[in-house]
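Student:
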Amino acid sequence: MPELPEVETTRKGIQPKVEGQAIQKIIVRNGKLRWPVDPHLEQKLPGLVILSVKRRAKYLLLETEQGHLIVHLGMSGNLRVLPQQEPAVKHDHIDLVLENGFLLRYHDPRRFGSWLWTDKPIQEHALLKSLGPEPLTDDFHSQYLYQALQGRKTAIKTFIMNNHIVVGVGNIYANESLFLSGIHPTRPAQSLTRKEATRLTSHIKTVLKAAIEQGGTTLKDFLTPDGKPGYFEQKLHVYGREGRPCLQCQETVEKVVLNQRAAYFCSNCQS
DNA sequence: CGAGCAACCTGCATGC
DNA sequence: TGCATGCAGGTTGCTC
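In the numbering used here, the protein residues as written are 125 to 395.
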């Protein structure tokens with residue numbers, strides 16, 4: 125579920141209902157996430173006002189006057205704003221109860237996500253301080269990528285999914301942007317030409333932007349308790365299409381596993 | 001330092 | 001129907 129576009133859609137969705145609200149309390153039903161949820165949050169959070177809801181990479185940052193909550197959705201997490209009387213169901217692990225009668229509810233079957241607290245400057249947090257540039261800003265440009273590729277033997281797909289190089293490129297969009305760029309996912313990173321680095325940079329940006337726009341329209345009411353996305357599926361060229369014809373040339377889409385993640389490609393369109 | 005991979009956890013599809 | 005297997009949108013933190 126949570127690729128960068130959905131995290132950004134989540135941010136936009138919860139922001140208006142959460143920003144400016146005081147926290148009444150936090151309810152932790154299961155704190156065994158990627159890292160254990162700090163039990164002191166139950167004392168720390170009541171009364172604090174949420175000043176802003178920002179995003180860095182796939183982390184959502186809830187700023188208060190005393191510090192930040194750093195929330196990650198992992199593989200299967202989601203956040204919704206619901207009325208306080210909404211009954212909790214299985215895997216509803218955390219509620220942030222607000223003073224406006226609503227709550228921010230965290231649901232995450234696999235519990236790969238996280239809820240962390242820091243009262244230090246947010247950019248110095250260990251998880252954030254060594255992250256690469258945001259893909260949709262001007263800090264991520266083709267010169268930067270080309271330079272970063274030099275001397276790196278790892279597969280290009282693995283490389284663009286590395287958060288130290290560029291953040292927010294998940295498995296779906298790594299596959300899609302490589303397809304659109306005509307670059308085979310197993311190519312050593314350092315083998316890309318300047319031209320290929322330029323194409324890849326621009327396709328990463330366009331593919332993520334398009335997905336955010338999709339998320340913005342189809343998931344516009346994801347705050348209500350329905351939420352079955354699948355909104356990007358129609359637009360995917362190779363992801364999840366092993367054995368089916370390439371939409372561009374009709375050759376069969378292939379799959380290999382790289383760094384424990386499925387890589388899909390058309391060996392006729394990508395080299 | 002870079003590269004590769006085990007691990008965290010639940011749910012679902014598939015095959016016997 | 002039941003059970004085993006493999007796979008899933010992410011990331012850290014080992015080992016070599």
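Every residue gets a Cβ at the ideal spot worked out from N, C-alpha and C, and that includes glycine.
Could you give the uninterrupted runs of the beta strand (DSSP E) lying entirely in the segment 132 to 189, keeping only those of 3 residues or more?
Tutor: Whole beta strand (DSSP E) segments, 3+ residues: 147 to 152, 174 to 180, 183 to 188.
Student: Note the first and the last residue of the continuous beta strand (DSSP E) segment covering Q284.
Tutor: With the sequence shown as reference, residue 284 is identified as Ile, and Gln is not the correct amino acid for it. Per DSSP, I284 belongs to no beta strand (DSSP E); it is in the alpha helix (DSSP H), 280 to 284.
Student: Starting from L252, trace the alpha helix (DSSP H) both ways and give me its first and last residue.
Tutor: Unbroken run through L252: none, as it is neither H nor E.
Student: Buried or exposed: L252, going by 16 or more other Cβ atoms within 10 Å of its Cβ?
Tutor: Buried: at least 16 other Cβ atoms inside 10 Å.
Student: Report yes if the CB atom of K281 is closer than 9 angstroms to the CB atom of A212, and no otherwise.
Tutor: Not a contact, by the Cβ cut-off of 9 angstroms.
Student: Using the Cβ count rule (16 or more neighbours within 10 Å means buried), how would you classify S315?
Tutor: Exposed, because fewer than 16 other Cβ atoms sit within 10 Å of the Cβ of S315.
Student: Would you please state the rounded distance, in angstroms, between the beta carbons of G198 and R234? I believe it to be under 8 angstroms.
Tutor: Sure, about 6 angstroms apart at Cβ, within 8 angstroms.
Student: For Q209, I'd like the list of residues in its chain whose CB is within less than 8 angstroms of its CB, leaving aside the five on either flank, ordered along the chain.
Tutor: If we look at Q209 and ignore the five residues flanking it on each side, it has no Cβ neighbours.
Student: Measuring CB atoms only, is the segment 216 to 228 touching the segment 263 to 274, in the sense that at least three cross pairs come out at less than 8 angstroms?
Tutor: Flag = no, the segment 216 to 228 and the segment 263 to 274 do not touch.
Student: Run through the DSSP bridge pairs and tell me what P396 is partnered with.
Tutor: Look at the range of the chain in this structure, 125 to 395, and you will see that residue 396 is not part of it.
Student: Per the DSSP calculation, S238 is bridged to which residue(s)?
Tutor: In DSSP, S238 forms a bridge with H196.
Student: Within the continuous beta strand (DSSP E) that includes L382, where are the two ends?
Tutor: Residues 378 to 382.
Student: May I have the straight-line CA-CA distance separating F303 from E132, to the nearest angstrom?
Tutor: F303 and E132: Cα-Cα distance of roughly 24 angstroms.
Student: Given a cut-off of 9 angstroms, decide if K182 and H113 are closer than it, judged by their beta-carbon atoms.
Tutor: No statement about residue 113 is possible, as the shown extent of the chain runs from 125 to 395 and does not include it.
Student: Using DSSP with H/G/I as helix, E/B as strand and the rest coil, what is L418?
Tutor: This structure cannot settle anything about residue 418, because the visible part of the chain is limited to 125 through 395.
Student: Determine the direct distance from the alpha carbon of V380 to that of T322, and round the result to whole angstroms.
Tutor: Rounded to the nearest angstrom, the two C-alpha atoms are 25 angstroms apart.
Student: Can you tell me whether DSSP reads L304 as helix, strand or coil?
Tutor: Of the three classes helix, strand and coil, the one that applies to L304 here is helix, per DSSP.
Student: In chain order, what residues of the same chain lie with their CB nearer than 7 angstroms to the CB of A298, ignoring the 5 residues before and after it?
Tutor: Here the set comprises K281, I284, M285.
Student: Taking just the CA atoms, how far does E300 sit from L360?
Tutor: Their Cα atoms are separated by approximately 7 angstroms.
Student: By the 10 Å Cβ neighbour count, where 16 or more other Cβ atoms means buried, how is Q274 classified, buried or exposed?
Tutor: It counts as exposed.
Student: May I ask you to report which of helix, strand or coil DSSP gives I328?
Tutor: Helix at I328.
Student: One question on the structure: do P257 and V290 come within less than 9 angstroms of each other, judged by their Cβ atoms?
Tutor: Cβ distance < 9 angstroms, so P257 and V290 count as in contact.
Student: So L332 and L260 are supposed to be a Cβ contact under 8 angstroms. How far apart are they, rounded?
Tutor: Confirmed, Cβ separation roughly 6 angstroms.
Student: Relative to the C-alpha of D243, which candidate in T330, K168, F389, N383 has its C-alpha closest?
Tutor: Looking at the Cα atoms, K168 is the closest of the given residues.
Student: For D232, count neighbouring Cβ atoms within 10 angstroms of its own Cβ and tell me buried if that reaches 16, exposed if not.
Tutor: The residue is buried, with at least 16 neighbouring Cβ atoms inside 10 Å.
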